[in-house]
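So the sequence shown is numbered by our numbering: it starts at 8 and just counts up by one. Below you'll find the structure, written out as structure tokens, and then a few comments.
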Amino acid sequence: MESGPSRLGGLRRVFVFLISGLFAVAIGVAAQEPASGSQSSQGSTPGEAPAVAPAEVPAALVPGQPVSQAATSASGAPQAKSAEAAKDAHEQSAMVTLGPGDLIEVSVYNVPELATKVRVSNSGDVYLPLIDYVHVDGLTQEEAQTLIAKRLEDGGFVRGPHVTIFVDDAASQGVTVLGEITKPGIYPEVADHKLYELISQAGGFTSSASRKIAIIRRNQAEPIRIELPRNLGDDLSGNIEINPGDTITVPRAPIIYVVGDVGRPSGLLVDNGSLTVLQALALAGGTNRTAKLGAARIIHKTPSGMVETKLQIKKMLEAKSPDITLQADDILFIPVSGGRLLAGRSLEAAMSIATAVTIYSVHP
């Protein structure tokens, strides 16, 4: 039978062995926990969705998706519209030409000393540093840029210059309306403007306006002449396109004045024909009973002054004398019978009366 000390030593060895075994098991379990935790976070089944969603990735960078499609899905129509608008603006500016009155800024890349702001002269020229006068009238911005760059390079001033022109004030792109118009002036040109629209914007014709108008077009020797109807709505054939830089001139219609002892002293517009003495008297309401027909006369303006021509109204009425055709700005004067008008004063009196008469349109 074992003694007490040997028995106690055996128990100690068993205890140490058990403790070592438990410690080894604990280490093994601890080593397996990270792997099992990683597997649980990824899912035990292949193809299963992750428990935590990954950070969002821009559509354009998603693998397998074409970049163009991603860009379209992100911005789509707005990008297409902005690109189309930029293209239209570029094409429109490329068609617009420079002209007298335009204020332009000219700059040369990396050469700030050559930057200048200048207005195109009436002759179509601009003065620029180093290269003197450059004719830009009728050139587009791109053409003018190319011309200035060539002058700089040919003169040996700048190697490979990059010239940019910016139009500050496109005065030449407006439409000028002059003459017998209610509100003459320069009107900004908008695309697809037509003649009738410009006349309407300018307030329409004055009472003495002719309908035989002229349109002066840049770089065109002869003006465009158009005869419009009294009522524009009656005939749209004259409603032509108006270009930037056009000048519309509305002249004064020829007027014949009938003054003195007549039913209705007036100024008669004869834009589309001519009038004779008897026709003019009829349109002015005829002569009054107190009219002195034997002293009737035409006062005609000539380069050397005013000339009086005596008339025989009674013989004209009896067809014994030819009915005289009146000319533009003639004054047909019928004095009052028994009046105290002194000799030599008929011209002065007739012209004084003519300035205050009402203007009437005549449609022969």
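Glycine residues also receive a C-beta, built at the ideal position from the N, C-alpha and C atoms. All of these numbers come straight from a predicted model, not from anything done at the bench.
1. Count Cβ pairs between the stretch 186-194 and the stretch 117-129 that sit closer than 8 Å; are there 3 or more?
2. Do you know how far the Cα of S311 is from the Cα of S328?
3. Using a Cβ cut-off of 8 Å (strictly closer), state whether V277 contacts chain B.
4. Please report how far the alpha carbon of R237 lies from the alpha carbon of S244, in whole angstroms.
5. Which same chain residues, not among the five before or five after K219, have their C-beta less than 6 Å away from its C-beta?
6. Can you grab the Cα-Cα spacing for the pair I338 / F173, in whole Å?
7. Using only CA atoms, which one of Q227, V127, P136, T294 lies nearest to S344?
8. Only counting runs of 4 or more residues, tell me where the alpha helix (DSSP H) segments fall wholly within the stretch 300-333, in order along the chain.
9. Run the CB neighbour count on S207, radius 10 Å, all protein chains shown included, and call it buried at 16 or more, exposed below.
10. What's the call for A58, buried or exposed, on a 16-neighbour Cβ count within 10 Å?
11. What residues in its chain sit with their C-beta under 7 Å from that of P373, if we drop five residues either side in the sequence?
12. Would you kindly check if the distance between the Cβ of I263 and the Cβ of L282 is under 8 Å?
13. Between V257 and G292, which are expected to be in contact by the criterion C-beta below 8 Å, what is the C-beta distance as a whole number of angstroms?
14. Determine the burial state of S214: buried for a count of at least 16 other Cβ atoms within 10 Å of its Cβ, exposed for fewer.
15. Whose C-alpha, out of P261, L146, G267, is nearest the C-alpha of R296?
16. Which of the three DSSP states is assigned to E248 in this structure?
17. Counting only the same chain and skipping the five closest in sequence on each side, list residues whose C-beta sits under 8 Å from that of G167.
18. Quick check on R126: does DSSP put it in helix, strand or coil?
19. Could you give the distance in angstroms between the alpha-carbon of A228 and the alpha-carbon of G252?
20. Output the distance between the C-alpha atoms of M313 and N226, rounded to the nearest integer angstrom.
21. What does the Cβ neighbour count give for D278, buried or exposed, with the cut at 16 atoms within 10 Å?
22. Mind checking who A209 pairs with in its DSSP beta bridge?
23. Can you tell me the Cα-Cα spacing of A302 and K322, whole angstroms?
24. Looking only at its own chain, which residues have a Cβ that is under 6 Å from the Cβ of V170, when we skip the five neighbours before and after it?
25. Apart from the five residues on each side of it in sequence, which residues of its chain come closer than 6 Å, Cβ to Cβ, to G186?
26. Would you kindly work out how many angstroms separate the C-alpha atoms of V133 and L239, rounded to a whole number?
27. Compute the distance between the beta-carbons of G175 and I222, then report whether it is under 8 Å.
28. Please classify D144: does DSSP put it in a helix, a strand, or coil?
29. How is V284 classed by DSSP in three states: helix, strand or coil?
30. May I ask you to report which of helix, strand or coil DSSP gives D457?
31. Indicate, with yes or no, if the ligand GDP has a heavy atom lying under 7 Å from the CB of I341.
32. What first and last residue would you give for the beta strand (DSSP E) that runs through Y134?
33. Who are the near neighbours of L300 in its chain, counting only those whose CB is closer than 6 Å to its CB and skipping five residues on each side?
This is what the structure holds:
1. With a cut-off of 8 Å, the stretch 117-129 and the stretch 186-194 do not count as touching, because too few Cβ pairs lie within range.
2. Approximately 28 Å, taken between the alpha carbons.
3. In the structure shown, chain B does not exist; there is a single protein chain.
4. Distance between the alpha carbons of R237 and S244: 13 Å.
5. Sequence-distant partners of K219 (beyond 5 residues in either direction) whose C-beta falls short of 6 Å from its own C-beta, in its chain, are E234.
6. Answer to the nearest angstrom: the Cα atoms are 56 Å apart.
7. Nearest C-alpha to S344 among Q227, V127, P136, T294: T294.
8. Runs of the alpha helix (DSSP H) inside the stretch 300-333: 320-324.
9. Under this definition S207 is an exposed residue.
10. Any reading at A58 needs caution, since the residue's pLDDT is 46, under 50, leaving its predicted position unreliable; the model's value is listed next. Under this definition A58 is an exposed residue.
11. Since the displayed the chain opens at 8 and closes at 371, residue 373 lies outside it and no answer follows.
12. Judged by beta-carbon spacing, I263 lies within the 8 Å limit of L282, meaning their Cβ atoms are closer than that value.
13. With a Cβ gap of about 29 Å, V257 and G292 do not count as contacting.
14. Taking a 10 Å sphere around the C-beta of S214, we find fewer than 16 other C-beta atoms and assign the residue as exposed.
15. R296 has its Cα closest to that of G267, out of P261, L146, G267.
16. Looking at E248 - three-state DSSP - the assignment turns out to be strand.
17. Closer than 8 Å at the Cβ level, and outside the excluded window around G167, lie E160.
18. Three-state DSSP puts R126 in a strand.
19. Rounded to whole angstroms, the gap between the alpha carbons of A228 and G252 is 14 Å.
20. Rounded to whole angstroms, M313 to N226 spans 40 Å at the Cα level.
21. Classified as buried, D278 has 16 or more neighbouring CB atoms from the shown chains inside 10 Å of its CB.
22. A209 pairs with nothing; no bridge assigned.
23. Separation of A302 and K322 (C-alpha to C-alpha, rounded to the nearest whole angstrom) is 13 Å.
24. Cβ neighbours of V170 beyond the five flanking positions: V115, Q152, I155, A156.
25. Excluding positions up to five away in sequence, the list reads T256, V257, P258.
26. The straight-line gap from Cα to Cα measures roughly 41 Å.
27. The displayed chain sequence assigns Asp, not Gly, to residue 175. In this structure, I222 does not lie closer than 8 Å to D175 by Cβ.
28. Coil, per DSSP.
29. Reduced to three states, the DSSP call for V284 is helix.
30. The first residue shown for the chain is 8 and the last is 371, placing residue 457 beyond what the model contains.
31. Of the ligands one can find in the structure shown there are none, so the ligand GDP has no counterpart to examine.
32. Y134 -> beta strand (DSSP E) spans 132-135.
33. Around L300: I320, K321.
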